[in-house]
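Sequential numbering of the sequence shown, starting at 32, is according to my numbering. In this text, a Cβ means the ideal position worked out from N, Cα and C, and glycines have one as well. Quick notes on the structure that follows.
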Amino acid sequence: MSSSAPTWRSSSWTSRPSRPPATTSSSASTSISIEGGQKRHRSLWLREALGNELPSPALRGAAQADVCVVGGGYVGLWTAYWLKEWQPSTDVVVLEQDLCGSGASGRNGGFVLSWWAKYLSLRRSAGKQEALRACRESEAAVRELGAICSAHGIDAHYVPGGWLWTARTESQRGAWEGTVRALEEVAPEVFQRLEPEEVARRAGSPQHLAGVFEASAATVQPALLARGLRRVCLERGVRIHEGSRVRGFTREPPPTVETDQGSVRARVLVIAANAWSAAIRELRRSLIVVSSDMVATAPIPDRLFAMGWTGGECITDSQLMIDYYRTTREGRIAFGKGGWGIALGGRIPPSFDRSLRRAEGVTADLHHAYPRLRDVPVEFDWSGPIDRSPDGLPLLGYLGGRRHILYGVGWSGNGVGPSLLGGKVLAARVLQRDDWYGAFPLWDRRMPLFPPEPVRYVGAHLVREAVRRKERAEAAGRNPSPIYRWLSRFVPAGVEDH
32 MSSSAPTWRS SSWTSRPSRP PATTSSSAST SISIEGGQKR HRSLWLREAL
82 GNELPSPALR GAAQADVCVV GGGYVGLWTA YWLKEWQPST DVVVLEQDLC
132 GSGASGRNGG FVLSWWAKYL SLRRSAGKQE ALRACRESEA AVRELGAICS
182 AHGIDAHYVP GGWLWTARTE SQRGAWEGTV RALEEVAPEV FQRLEPEEVA
232 RRAGSPQHLA GVFEASAATV QPALLARGLR RVCLERGVRI HEGSRVRGFT
282 REPPPTVETD QGSVRARVLV IAANAWSAAI RELRRSLIVV SSDMVATAPI
332 PDRLFAMGWT GGECITDSQL MIDYYRTTRE GRIAFGKGGW GIALGGRIPP
382 SFDRSLRRAE GVTADLHHAY PRLRDVPVEF DWSGPIDRSP DGLPLLGYLG
432 GRRHILYGVG WSGNGVGPSL LGGKVLAARV LQRDDWYGAF PLWDRRMPLF
482 PPEPVRYVGA HLVREAVRRK ERAEAAGRNP SPIYRWLSRF VPAGVEDH
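Given below as C-alpha cells:
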C-alpha cells in the first residue's frame, strides 16, 4: 500500500441525456431494491427530519465519477465525507433508491455505541492488541461524531448519556460478565458495575434487576444525523441522486452501475447498501436480514422526571432478541426490539417497513419494562431491516477479490457510531492510505457462512420461535425447555457478546 493517496484529476464529466440502459450483462448483480417498490411508511425520526426538504434529483442518463457509492445511509455518506475530507478533488457520486436516511439509518434507535461490548468477538478475529485498538477507535468515533455535528451545524440531538446494559429477568443477570472480566485486564475503566438499586433508579423502573454502565455512548435523532450528513456532503461537492434504484452493476473494471433511468461508470465502486446488499451473490451467504421494530410514546417529560430517567442513558436488556430504548428531546420513550421478522434471501418485504403485529409485541415489552406507563399512548410505530453477520461485526472487503469494488455491510444493529469508522476504512482503501484505517484488521476476513436458502429461512424461523418461547418462559420465571435452549444457541450475534 502506497504512503500517499493516488492523485486523481477531478472528473469534469456530467450526466448527459441518454436512453435508460439495457439490462446488465451476466456479470451484473441482482437488483438492490425493496420488494414492492419504494418505502412509504416513515419513522417518527424521518417525519421530524424531512420537513419541506426536496429530494436530490434522480440519476438520468450516463454519468462518470472517480467513486460511485451505492447507498445513501450512514456508511455511504461517511465514505463520501471522508473521501472529500482527505482528498477534496475526488469526484464522488452517491446513489440512493429512496431518500438518504430512509433505510436503517433513519429507522434505528439512535444509539451511538462503541465496540467495547464486542471485544471478545474482535479478539477472536483480530487478536488482543488489534481488538483493543479497534475498540478505542470506535469509542473515539462516538466523540468525533458529536464534534462533527457541532462543527457543521448538524442538530442531531447528540446526548452523551452513556449506555446501561441491564438484566430484566433472573436468567439475564450477568450476561455481560465474560466481556467485563476480559476487559478488566486491558481496559478496566470501560464498564462500571452498578448496584441493583442504582440500575433501577437510572432506568426509571424496578423491572431492571442488574446492570453495568458504559459512559462513552451517546444518543442521536438518527434521521437528523443522516440528513445532516447528506447536506454536508452536498456542500462538499458530492453528487447525490435520490430516487435512483440500482438494478445491477458490472464486475469488470471500470465498474458500471445501472439504475432505472441512468448509469454511472466509476473507477471504484463502494457497496454500502446495508440489508439490500444481501441480494448480491458474493455476500448472500454472509448476511441474514431481520427486522427491527420500534414504537414511540406520546411525550411524557414530567413522568420521566418523576421516574428518575433523566440522564439521557440509552438502555438495553440482555435478551437474544434484544430490547433497546431511550428518551427523546420531546420526552417520548422510543422502544425497539430486534430480530422478529426474517427475510427470505435478499428480498426485503413491505412488512419490514411496518408491521402492526410486531408493533403490538414491542409495546408489550415496553409495558413489561415500564408497567406504570400502560396508560401512555403509543403514537408512532415503524420497522426497518438489519443485516446481521454471523458474529455481529461488520464485513468490509473487496468483492470477490476485485480491488475496484469494495463493500461495507453487516453492521448487525450497531451502525450509528461504527459507521463513521467504517466510512474511514472504506475511504482509506479507495485512496490507498498508509495508515491504520487502510490496514484495518478486519478487512477481507473469512467468516462462517449461513446455510443456503431455503434452509436458512426455515431454520431461522425455527430458531426464532425457540428463542421466543425460551425468553417468554424466563420472563415468567419458568425454566425453558432444553430444546429451546439448544436451538437458541444458533442466533447470530448482535450488539452484545453473551
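Straight-line CA distance for residue i to residue j?
i: residue 400; j: residue 354; result: 9 Å
i: residue 527; j: residue 148; result: 5 Å
i: residue 90; j: residue 96; result: 13 Å
i: residue 115; j: residue 230; result: 43 Å
i: residue 545; j: residue 270; result: It is not possible to answer for residue 545, since the shown part of the chain is limited to 32 through 529.
i: residue 214; j: residue 278; result: 45 Å
i: residue 157; j: residue 500; result: 35 Å
i: residue 133; j: residue 335; result: 29 Å
i: residue 525; j: residue 208; result: 16 Å
i: residue 404; j: residue 338; result: 10 Å
i: residue 523; j: residue 368; result: 15 Å
i: residue 264; j: residue 119; result: 11 Å
i: residue 165; j: residue 482; result: 29 Å
i: residue 376; j: residue 228; result: 45 Å
i: residue 64; j: residue 434; result: The pLDDT assigned to residue 64 is 45, lower than 50, so where the model puts this residue is not dependable, and the model offers no usable value.
i: residue 102; j: residue 131; result: 8 Å
i: residue 276; j: residue 80; result: 22 Å
i: residue 233; j: residue 146; result: 23 Å
i: residue 387; j: residue 216; result: 46 Å
i: residue 402; j: residue 198; result: 16 Å
i: residue 413; j: residue 251; result: 17 Å
i: residue 485; j: residue 381; result: 20 Å
i: residue 465; j: residue 476; result: 19 Å
i: residue 514; j: residue 152; result: 26 Å
Report buried or exposed for residue i, applying the criterion of at least 16 other Cβ atoms within 10 angstroms of its Cβ.
i: residue 364; result: buried
i: residue 280; result: buried
i: residue 410; result: exposed
i: residue 83; result: exposed
i: residue 512; result: exposed
i: residue 244; result: buried
i: residue 40; result: Legend: pLDDT at residue 40 = 34, less than 50; position of this residue unreliable, value from coordinates given subsequently. Exposed.
i: residue 239; result: buried
i: residue 432; result: exposed
i: residue 319; result: buried
i: residue 521; result: exposed
i: residue 85; result: exposed
i: residue 160; result: exposed
i: residue 333; result: exposed
i: residue 182; result: exposed
i: residue 370; result: buried
Mind checking if residue i is an interface residue toward chain B, Cβ cutoff 7 Å exclusive?
i: residue 103; result: You won't find chain B in this structure, because it holds only one protein chain.
Taking the alpha carbon of residue i as the point to measure from, which residue in the options has its own alpha carbon closest?
i: residue 456; options: 479, 485 and 426; result: 426
i: residue 77; options: 101, 110, 136 and 100; result: 136
i: residue 141; options: 194, 477, 370 and 184; result: 194
i: residue 595; options: 356, 316 and 173; result: Coverage of the chain is limited to positions 32 through 529, which leaves residue 595 absent and any answer about it impossible.
i: residue 98; options: 122, 205, 72 and 88; result: 122
i: residue 430; options: 317, 170 and 145; result: 317
i: residue 383; options: 395, 324, 348 and 510; result: 324
i: residue 572; options: 356, 417 and 419; result: As shown, the chain starts at 32 and ends at 529. That puts residue 572 outside it, with no answer to give.
i: residue 478; options: 419, 513 and 453; result: 419
i: residue 202; options: 507, 520, 524 and 521; result: 507
i: residue 31; options: 117, 200 and 342; result: Outside the modelled stretch of the chain, which goes from 32 to 529, sits residue 31, for which no answer is possible.
i: residue 352; options: 102, 497 and 248; result: 497
i: residue 350; options: 504, 216, 127 and 332; result: 504
i: residue 440; options: 520, 204 and 104; result: 104
i: residue 321; options: 179, 373 and 446; result: 373
i: residue 445; options: 175, 389 and 106; result: 106
i: residue 489; options: 155, 518 and 236; result: 518
i: residue 453; options: 153, 473 and 465; result: 473
i: residue 144; options: 485, 450, 466 and 521; result: 450
i: residue 340; options: 521, 218, 183 and 237; result: 237
i: residue 284; options: 177, 272, 196 and 300; result: 300
i: residue 304; options: 381, 417 and 241; result: 417
i: residue 395; options: 366, 308 and 476; result: 366
i: residue 378; options: 249, 480, 181 and 308; result: 308
i: residue 179; options: 262, 124 and 235; result: 262
i: residue 155; options: 468, 421, 463 and 467; result: 421
Can you tell me the Cβ-Cβ gap for residue i and residue j, rounded? I've got them flagged as a contact below 8 Å.
i: residue 443; j: residue 415; result: That belief does not hold up - the Cβ atoms of residue 443 and residue 415 are roughly 13 Å apart, past 8 Å.
i: residue 192; j: residue 361; result: That pair is no contact at about 16 Å.
i: residue 93; j: residue 274; result: At roughly 17 Å, the Cβ-Cβ gap does not stay under 8 Å, so residue 93 and residue 274 are not in contact.
i: residue 109; j: residue 255; result: Actually they do not touch by this definition, with Cβ atoms about 15 Å apart.
i: residue 329; j: residue 407; result: 6 Å
i: residue 272; j: residue 126; result: 5 Å
i: residue 296; j: residue 290; result: At roughly 12 Å, the Cβ-Cβ gap does not stay under 8 Å, so residue 296 and residue 290 are not in contact.
Output the residue ranges of the alpha helix (DSSP H) runs that lie fully inside the region 342-407 and measure 4 residues or longer, sorted by chain position.
387-400
Go through the region 76-121 residue by residue and report every complete run of the beta strand (DSSP E) that reaches 3 residues or more, in order.
92-101
Extract the residue ranges of the alpha helix (DSSP H) inside the region 196-271, only unbroken runs of 4 or more that lie entirely within it.
208-215, 227-234 and 253-266
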